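Engineer: Going by the UniProt record's numbering, the first residue of the sequence shown is number 1, and it counts up by one from there.
Think of the CB as a built atom: it goes at the ideal place given N, C-alpha and C, for glycine as much as any other residue.
All of these numbers come straight from a predicted model, not from anything done at the bench.
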Amino acid sequence: MGGAKMNATEHIWEVQLLGGWQIRRGGLPVKVTIRQQRLIAVLALYGSQPRTFLAGLLWPDSSDKQATGSLRETIWMISHQLQGLLVESRDPLALAADVEVDVHEISRRLAALDGDPGARVRPAMLDRLRTAELLPGWYEDWVMAEQERWKQLRISALERLATRYLERGETDQATDAAGFAIAIEPLRESAQRLLLETHIADGNYAQALRAFEVFKSRLWREFGVEPSAKITKIMAPLLT
């Protein structure tokens, strides 16, 4: 029994897209070419896709014939070097169902938390969201679109977690969650409001004032506008 489990684990493929690219089998990293990385990443993020779509997306500056040939060659290399990673079908192309992708894992955990308002949130989840940058250093158009989408998902998740912590009176964790969201996007007012509300709920009025002044100055410096009425209303008792 134990041996069978170990053998099954050794054959599991893991694709890491957050914090940097990596692919592992049985926990051990495997080296692959840039072309292979790109194709695997697309399938990990987009799911099952027709070959024509993949060829056009990954080789946009090549002719249809060249792009199709490059895709065919890349698929052949993956099929022979990374056995069991792809579904054995000609078209559409997909990763095998048992391939583990870190983006999907975090998305599932967040969905589970959203579905259970009473569930406890481990501090490790906050730290994971803080550092979970998608494919840093990749600059293709399709990657950048996914990076922006993932960034907004992380910020939204951190804000929801900050709100949950604040409602429970867990102000230290709420401060962390709101602060992590601000670190990702400093001028996002919804995250700034949560941070200010947390400081005020904790009785840290001086910190609230400092955070407000930093936000106000940066907002004026970069966009020439004042904070909204919502955020000013939160701070009104302290400002007067």
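Looking at C-beta atoms only, is the number of pairs between the stretch 21 to 28 and the stretch 106 to 114 that lie closer than 8 Å three or more?
Structural biologist: Not touching, per the Cβ criterion.
Engineer: Near alanine 119, what residues of its chain come up, given a Cβ to Cβ distance below 8 Å and the 5 sequence neighbours on each side ignored?
Structural biologist: Counting only Cβ-Cβ distances below 8 Å, and skipping sequence neighbours, we find Ala112 and Leu113.
Engineer: Please tell me whether histidine 199 and alanine 211 are closer than 8 Å, where the distance is taken between their beta carbons.
Structural biologist: A contact, by the Cβ cut-off of 8 Å.
Engineer: Measuring alpha carbon to alpha carbon, tell me which of Glu222, Leu219, Ala41 and Arg218 ends up nearest valine 103.
Structural biologist: The option with the nearest alpha carbon to valine 103 is Ala41.
Engineer: Could you check how far apart the C-beta atoms of glutamate 146 and leucine 134 are, in whole angstroms? I think they sit under 8 Å.
Structural biologist: Contact flag correct, Cβ pair sits at about 6 Å.
Engineer: Looking only at its chain, what residues have a beta carbon closer than 8 Å to the beta carbon of tryptophan 220, apart from the 5 residues adjacent to it on each side?
Structural biologist: Cβ within range, chain order: Glu226.
Engineer: With distance defined between alpha-carbon atoms, name the residue in Arg154, Thr33 and Ala229 nearest to glutamate 185.
Structural biologist: Measuring from the Cα of glutamate 185, the nearest candidate turns out to be Arg154.
Engineer: Looking only at DSSP bridge pairs, what is arginine 24 linked to?
Structural biologist: In DSSP, arginine 24 forms a bridge with Glu14 and Pro29.
Engineer: In terms of DSSP beta bridges, what is glutamate 100 paired with?
Structural biologist: DSSP, once it has assigned bridges, lists Glu14 as partnering glutamate 100.
Engineer: Let me see if you follow: with CB-CB separation under 8 Å, is glutamate 100 close to chain D or not?
Structural biologist: Absence of chain D from the displayed structure is noted, only one protein chain being present.
Engineer: Using the Cα positions of valine 30 and glutamate 197, report the straight-line distance between them to the nearest angstrom.
Structural biologist: Cα to Cα, the separation comes out at about 46 Å.
Engineer: Are the stretch 125 to 143 and the stretch 75 to 86 in contact at 8 Å, needing three or more beta carbon pairs?
Structural biologist: Touching, no.
Engineer: Measure how close the beta-carbons of tryptophan 59 and alanine 67 come, nearest whole angstrom, since I'm counting them as under 8 Å.
Structural biologist: Sure, about 4 Å apart at Cβ, within 8 Å.
Engineer: For alanine 97, count neighbouring C-beta atoms within 10 Å of its own C-beta (all shown protein chains included) and say buried if the count is 16 or more, exposed if not.
Structural biologist: It is exposed - the Cβ of alanine 97 has fewer than 16 other Cβ atoms within 10 Å.
Engineer: Report yes if the CB atom of arginine 188 is closer than 8 Å to the CB atom of isoleucine 234, and no otherwise.
Structural biologist: Cβ distance not < 8 Å, so arginine 188 and isoleucine 234 don't count as in contact.
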